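Quick note, the sequences are listed as chains G and V, same order. The first sequence begins at 1 in my numbering and counts up by one. The second sequence begins at 220 in my numbering and counts up by one. Even glycine gets a Cβ: it sits at the ideal position worked out from N, Cα and C. Computed from a prediction, not measured in an experiment: that's the story for all the values here. Here's the structure we're looking at; comments come further down.
Protein chains: 2
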Amino acid sequence: MSDGSQTEDARARLTRLHDTLRSRICLLDYAPGSRLSEETLAAEFGTSRTPLRRALARLEDEGLIQTQHGVGTIVTDVDLAEMGRTYELRRELAGLAGRLSPVEVTPDIVAKAREFVACGRQLASRPDAREFARVNMDFFHFGASLTQNEALRETSERLYYRTARIWLKSISRLDLSDEVRIFLSELEQTAAAIEGHDLLAAALIRQAHISMCEARLTG
Amino acid sequence: MSDGSQTEDARARLTRLHDTLRSRICLLDYAPGSRLSEETLAAEFGTSRTPLRRALARLEDEGLIQTQHGVGTIVTDVDLAEMGRTYELRRELAGLAGRLSPVEVTPDIVAKAREFVACGRQLASRPDAREFARVNMDFFHFGASLTQNEALRETSERLYYRTARIWLKSISRLDLSDEVRIFLSELEQTAAAIEGHDLLAAALIRQAHISMCEARLTG
DNA sequence: CGCGGCCGTGTTGTGCACAACCGCCAACTC
DNA sequence: GAGTTGGCGGTTGTGCACAACACGGCCGCG
């Protein structure tokens, strides 16, 4: 992943910092409650505190971290109890994706859906929680790309990253291979719907799986 | 509004800056396309550029302004053509507010709803576009307070402020007194629904009015 | 007259030093 | 011994100076 572009735009740099940190938080590289040091992070990314703080500011606005003057920058904790309502909203938005300006299904999209199935099968043969979370994240982005509604995409993404950690945090209480199997099933169902050019069905499948996932996490 | 607290928290100061600037943008005090000067604004608010930039960063993430290195900070333009999809989403979210965790209707809420009707009547007797926009903004916040779903509130607010300017920008092509009359009607219908403790109805009314408003703006 | 390069001016981005602040611990007082 | 207070180390917030950059006007040249 050596960047080909020698000079990086300020905006691109910000995006990179933000996305990287967001990934780390949502993959639990930074555990909830742990403290981030602006200075350390700035040193790691080879910049000064100022641009890094711009990225942290965005993360704070997104609810992933919380800064306190004189104390530090703390990764927020999440649990289903307080995130239940957010989950509800995510579920509804997932359904909306099928009704609001769905894209036209191209062979490229169908191919990608099948790729995800293949990827899911591979995952099933060698379950790994972190890798699962990563694929799930990719699959979410794929799903978001199926609507042309920019606002819906942005909103869904915001809410997704806000709740993404709940699953990974609860995986020890669940059965990983069960989860992988269920996820694979979702991938297969989605691929079938997309092959039939039926994005409404794909959205409903996703909606159903969000609902069932919440139920499993609650129970 | 002289603040009793002598020392203002950093977070409170940020919120104040952000909310003030957001209001000005959405009330068209800062016209779309106009340029904001960090230095001038910092001087006005009696601070340095650094905290002000924090507020601008949030506004940029919300899509209300756009900064370009070496050029300036430009207030984004909005028109219905590109905001149509955002409007769609707002409409759907408004409906959701009635189904997802509505609050329990208290006498206080009923009183507030009636206050809005009174306020709307006063507005009808002396139409003023800017004052209308202001009341509309207050009414939006009132509507948002009727759901306990924090994520839904936050999302709706984000989208509201992103599209709020469209109406004010188009008012010259519309009939102001017509608009005021329609708004008053919405206020009355909403008050009636709330008096009946029927928040689902209130949400559907709002949904309908968003839809009709978009239609008027388009036509 | 047209045009291309250069520079001046104004803007945002960055780095750095310092201020403001919090939590902890030890010393002190009663 | 319990409570209090002062200081210390470490963190984020702020201010300022400078770098990077874009735009437009100006001058020289063809």
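Buried versus exposed, by CB contacts within 10 Å (16 or more), residue i
i, result
"Ser-34(G)", "exposed"
"Asn-355(V)", "buried"
"Ala-410(V)", "buried"
"Ala-330(V)", "exposed"
"His-18(G)", "buried"
"Thr-218(G)", "exposed"
"Thr-106(G)", "exposed"
"Ala-370(V)", "buried"
"Glu-39(G)", "exposed"
"Ala-262(V)", "exposed"
"Leu-59(G)", "buried"
"Arg-381(V)", "buried"
"Met-1(G)", "Residue placement at Met-1(G) is poorly supported in this model, since its pLDDT is 35, which falls under 50; the coordinates still yield a value, given next. Exposed, because fewer than 16 other Cβ atoms sit within 10 Å of the Cβ of Met-1(G)."
Within 8 Å, strictly: CB atoms of residue i and residue j
i, j, result
"Ala-201(G)", "Ala-193(G)", "yes"
"Thr-295(V)", "Thr-286(V)", "no"
"Ala-113(G)", "Ile-210(G)", "no"
"Val-322(V)", "Thr-374(V)", "no"
"Leu-271(V)", "Leu-260(V)", "yes"
"Val-78(G)", "Leu-187(G)", "no"
"Ala-97(G)", "Gly-143(G)", "yes"
"Glu-307(V)", "Leu-89(G)", "no"
"Leu-80(G)", "Ile-166(G)", "yes"
"Ala-352(V)", "Leu-387(V)", "yes"
Straight-line gap, residue i to residue j (C-alpha atoms, nearest Å)
i, j, result
"Arg-158(G)", "Arg-400(V)", "37 Å"
"Leu-14(G)", "Thr-50(G)", "11 Å"
"Leu-255(V)", "Asp-178(G)", "55 Å"
"Asp-222(V)", "Ala-231(V)", "The pLDDT assigned to Asp-222(V) is 34, lower than 50, so where the model puts this residue is not dependable, and the model offers no usable value."
"Thr-145(G)", "Val-290(V)", "Note that residue 145(G) corresponds to Ser in the displayed sequence, not to Thr. Distance between the alpha carbons of Ser-145(G) and Val-290(V): 32 Å."
"Glu-227(V)", "Asp-61(G)", "20 Å"
"Arg-54(G)", "Ser-48(G)", "11 Å"
"Ala-10(G)", "Leu-56(G)", "15 Å"
"Thr-20(G)", "Ile-284(V)", "24 Å"
"Glu-334(V)", "His-360(V)", "14 Å"
"Tyr-160(G)", "Pro-32(G)", "17 Å"
"Leu-403(V)", "Tyr-249(V)", "27 Å"
"Met-212(G)", "Asp-357(V)", "38 Å"
"Leu-204(G)", "Glu-92(G)", "10 Å"
"Phe-452(V)", "His-69(G)", "Any answer about residue 452(V) is impossible in this case: the structure gives chain V only from 220 up to 438."
"Arg-425(V)", "Glu-195(G)", "38 Å"
"Pro-346(V)", "Gly-339(V)", "10 Å"
"Leu-199(G)", "Arg-235(V)", "43 Å"
"Leu-393(V)", "Ala-348(V)", "11 Å"
"Glu-131(G)", "Ala-164(G)", "14 Å"
"Gly-282(V)", "Arg-372(V)", "18 Å"
"Gln-122(G)", "Asn-368(V)", "38 Å"
"Leu-395(V)", "Ile-328(V)", "28 Å"
"Gln-189(G)", "Gln-408(V)", "44 Å"
"His-197(G)", "His-416(V)", "43 Å"
Sheet register partners of residue i (DSSP bridge)
i, result
"Gln-287(V)", "Gly-291(V)"
"Arg-35(G)", "Ile-74(G)"
"Pro-321(V)", "Thr-366(V)"
Quiz item: On the three-pair Cβ rule with 8 Å, is the region 294 to 304 of chain V touching the region 20 to 30 of chain G?
Solution: no
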